[in-house]
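Protein chains: 2
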Amino acid sequence: MDSMTPNDLIANAIQRERSRKGLSLSALASRAGLAKSTLSQLESGKGNPSIETLWAIAETLDVTFSTLFEVSKPDVSLIRADEGARLGSDHATFQTTLLANCPTGTRRDVYRVDLEPGSTRKSTPHPAGTFEHAVVCVGQARVGPLEATEMLNAGDYYRYPADRPHVYEAMEPGTQLIVVMETRD
Amino acid sequence: MDSMTPNDLIANAIQRERSRKGLSLSALASRAGLAKSTLSQLESGKGNPSIETLWAIAETLDVTFSTLFEVSKPDVSLIRADEGARLGSDHATFQTTLLANCPTGTRRDVYRVDLEPGSTRKSTPHPAGTFEHAVVCVGQARVGPLEATEMLNAGDYYRYPADRPHVYEAMEPGTQLIVVMETRD
DNA sequence: ATTCTATGTTCGTCATAATGAACATCGTTC
DNA sequence: GAACGATGTTCATTATGACGAACATAGAAT
Numbered sequence: 001m002d003s004m005t006p007n008d009l010i011a012n013a014i015q016r017e018r019s020r021k022g023l024s025l026s027a028l029a030s031r032a033g034l035a036k037s038t039l040s041q042l043e044s045g046k047g048n049p050s051i052e053t054l055w056a057i058a059e060t061l062d063v064t065f066s067t068l069f070e071v072s073k074p075d076v077s078l079i080r081a082d083e084g085a086r087l088g089s090d091h092a093t094f095q096t097t098l099l100a101n102c103p104t105g106t107r108r109d110v111y112r113v114d115l116e117p118g119s120t121r122k123s124t125p126h127p128a129g130t131f132e133h134a135v136v137c138v139g140q141a142r143v144g145p146l147e148a149t150e151m152l153n154a155g156d157y158y159r160y161p162a163d164r165p166h167v168y169e170a171m172e173p174g175t176q177l178i179v180v181m182e183t184r185d
Numbered sequence: 001m002d003s004m005t006p007n008d009l010i011a012n013a014i015q016r017e018r019s020r021k022g023l024s025l026s027a028l029a030s031r032a033g034l035a036k037s038t039l040s041q042l043e044s045g046k047g048n049p050s051i052e053t054l055w056a057i058a059e060t061l062d063v064t065f066s067t068l069f070e071v072s073k074p075d076v077s078l079i080r081a082d083e084g085a086r087l088g089s090d091h092a093t094f095q096t097t098l099l100a101n102c103p104t105g106t107r108r109d110v111y112r113v114d115l116e117p118g119s120t121r122k123s124t125p126h127p128a129g130t131f132e133h134a135v136v137c138v139g140q141a142r143v144g145p146l147e148a149t150e151m152l153n154a155g156d157y158y159r160y161p162a163d164r165p166h167v168y169e170a171m172e173p174g175t176q177l178i179v180v181m182e183t184r185d
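Residue numbers (UniProt numbering), protein chains in the order written: chain A, 1 to 185; chain B, 1 to 185.
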């Protein structure tokens, strides 16, 4: 089933595009010449906006009108530590789990990230089409784009678009994770 | 300049799609569950409809949402008897005027139409992508799609999309015209 | 000519979208 | 901790889109 009401479509779309631009609800409202309350209600699925309202939003977000009616593609992939396609026999002393294959025409840089709780590391958007793959080694961390962060425990894998603001936030001391940045070349 | 307000875009689009379907304003209104007055105001460029209203219209017209925001391409070509690109010297005893060239992949059937005043001949839509070329030989006739009829005198040429309801109406006795139907094959 | 049915328009009323102030929360700074 | 700024939410009020009846007009049928 794919029958969403226009309300829901728009609610998702506005939130998606807004967070993609890294704009706050208040900021978007004032730039678009709308009341905060109006936006708030729209993003929560309530309301039935007029086209002038939508037009102002689309222009301010610098997207085409129809973008506001497109369904949000997840663009993320989450594989928990106990999930995934395992390679190797059940009795073997080692196991490998395929987390993501490598598309041709992409380059991958590997980082190790050491995090301590309390400080949320916010990363500015990378070039369009960039993805990040994150695997937690030690501890627990909240990772991902602003609009779709995930709580990851040791062994969990998360892939998300990195061409928008995203965060790394450790929940335990000594948290370590591996981050692979995937860029098109 | 291509900066139309959403109002105008929608006004044009609704009228275009409605007449393309051959629906009356009242009929569309009742099918879409809207008041006639609402549609009337929208089509006259006044008003600032809500998305629920637009959604109902789009669904009833069986078009995608974004269709209602597309600009209306004219799709018609009108060359009066004294216009057009003439071939041959000015002193020659004959002149030819190129009215339309023949795109590859199209087939053209030629008809002669004899009309008398008083009876409006309404033609039902032909397959999508069909065009008609009409040249009046004798008399005067009103020809074209419902939303864009043209008064043609002898020698006038008119090309219009025929995948929607269109009419031939003679204004003088003994009116004759040549109609070429262009279909994709 | 007269009625009847369809067309699209205009208007007063009502429902509701948009507003702005007040509110609640959270981080940051002093 | 207190004060501050920015976040997004909730509410009353106001502006306005949607409605439906009445209207004007045109064609067709009687």
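Note that the Cβ used here is the ideal one computed from N, Cα and C, for glycine as well.
Residue i bridges to which residues according to DSSP?
{"i": "V63(A)", "result": "Answer is none; V63(A) lacks a bridge partner."}
{"i": "V179(A)", "result": "Y111(A), A134(A)"}
{"i": "A170(A)", "result": "A141(A)"}
{"i": "T106(B)", "result": "R184(B)"}
{"i": "I79(B)", "result": "Y157(B)"}
Compute the beta-carbon to beta-carbon distance between residue i and residue j, rounded to the nearest angstrom, for a pair I have assumed lies under 8 Å.
{"i": "F69(A)", "j": "I14(A)", "result": "Actually they are not in contact, since the Cβ atoms of F69(A) and I14(A) sit about 11 Å apart, beyond 8 Å."}
{"i": "T149(A)", "j": "T183(A)", "result": "No, T149(A) and T183(A) are not in contact; Cβ-Cβ is about 22 Å, not under 8 Å."}
{"i": "G144(B)", "j": "Y157(B)", "result": "Not confirmed; about 12 Å, so no contact."}
{"i": "S19(B)", "j": "E147(B)", "result": "4 Å"}
{"i": "T67(B)", "j": "E17(B)", "result": "7 Å"}
{"i": "I51(A)", "j": "P49(B)", "result": "6 Å"}
Excluding the 5 residues preceding and the 5 following residue i in the sequence, name in chain order all residues of the same chain whose CB lies nearer than 8 Å to its CB.
{"i": "A154(A)", "result": "A81, V136, C137, V138, G139, Q140"}
{"i": "S89(A)", "result": "Confidence at S89(A) is low in this model, with a pLDDT of 47, below 50, so the placement of that residue should be treated as unreliable; the coordinate-derived value is given next. Cβ within range, chain order: n/a, list empty."}
{"i": "T175(A)", "result": "D114, L115, E116, P117, V136, V138, G139, Q140, A141"}
{"i": "R31(A)", "result": "L23, T60"}
{"i": "L78(B)", "result": "E150, D156, Y157, Y158, R159"}
{"i": "A56(B)", "result": "A32, G33, L34"}
{"i": "S123(B)", "result": "A162, P165, H166, V167, Y168"}
{"i": "A92(B)", "result": "At A92(B) the pLDDT is 45, less than 50, meaning the model places this residue with poor confidence and gives no usable figure here."}
Excluding five sequence neighbours on each side, which residues of the same chain lie with their C-beta closer than 6 Å to the C-beta of residue i?
{"i": "residue 226(B)", "result": "Outside the displayed span of chain B (1 to 185) sits residue 226(B), for which this structure offers no information."}
{"i": "G22(B)", "result": "P165"}
{"i": "F65(B)", "result": "A58"}
{"i": "T121(B)", "result": "In the sequence as presented, Thr is not what sits at residue 121(B); that position holds Arg. Result list for R121(B): Y168, in chain order."}
{"i": "L25(B)", "result": "L39"}
{"i": "E43(B)", "result": "A11, I14, Q15"}
{"i": "S37(B)", "result": "none"}
{"i": "A134(A)", "result": "V143, Y158, L177, V179"}
{"i": "E83(B)", "result": "none"}
Grab me the residues of residue i's own chain with a C-beta within less than 7 Å of its C-beta, minus the 5 sequence neighbours each way, in chain order.
{"i": "A170(A)", "result": "L115, E116, P117, G139, A141"}
{"i": "E172(A)", "result": "P117, G139, Q140"}
{"i": "A35(B)", "result": "A29"}
{"i": "D163(B)", "result": "P125, H126, P127, A128, G129, T130"}
{"i": "V110(B)", "result": "I178, V180"}
{"i": "G45(A)", "result": "N7, D8, A11"}
{"i": "R112(A)", "result": "Q176, I178"}
{"i": "T5(B)", "result": "none"}
{"i": "V63(B)", "result": "E17"}
{"i": "A27(A)", "result": "none"}
**OP:** Determine which residues of the region 43–65 of chain B have a Cβ less than 8 Å from any Cβ of chain A, and write them out in chain order.
**Re:** N48, P49, S50, I51, E52, L54, W55, F65
Original post:
For the region 135–166 of chain A, which residues have a CB atom closer than 8 Å to at least one CB atom of chain B, in sequence order?
Top reply: none
Original post:
Considering only residues of the region 118–164 of chain A, which uninterrupted beta strand (DSSP E) runs meet the minimum length of 3 residues and lie entirely inside it, listed in chain order?
Top reply: 121–123, 131–138, 140–145, 150–153, 157–161
Original post:
In the UniProt domain "HTH cro/C1-type" (14–68) of chain A, which residue ranges form an unbroken beta strand (DSSP E) of at least 3 residues, counting only runs that do not cross its ends?
Top reply: none
Subject >> the region 6–37 of chain A: positions lying closer than 8 Å to chain B by Cβ >> reply: P6, N7, I10
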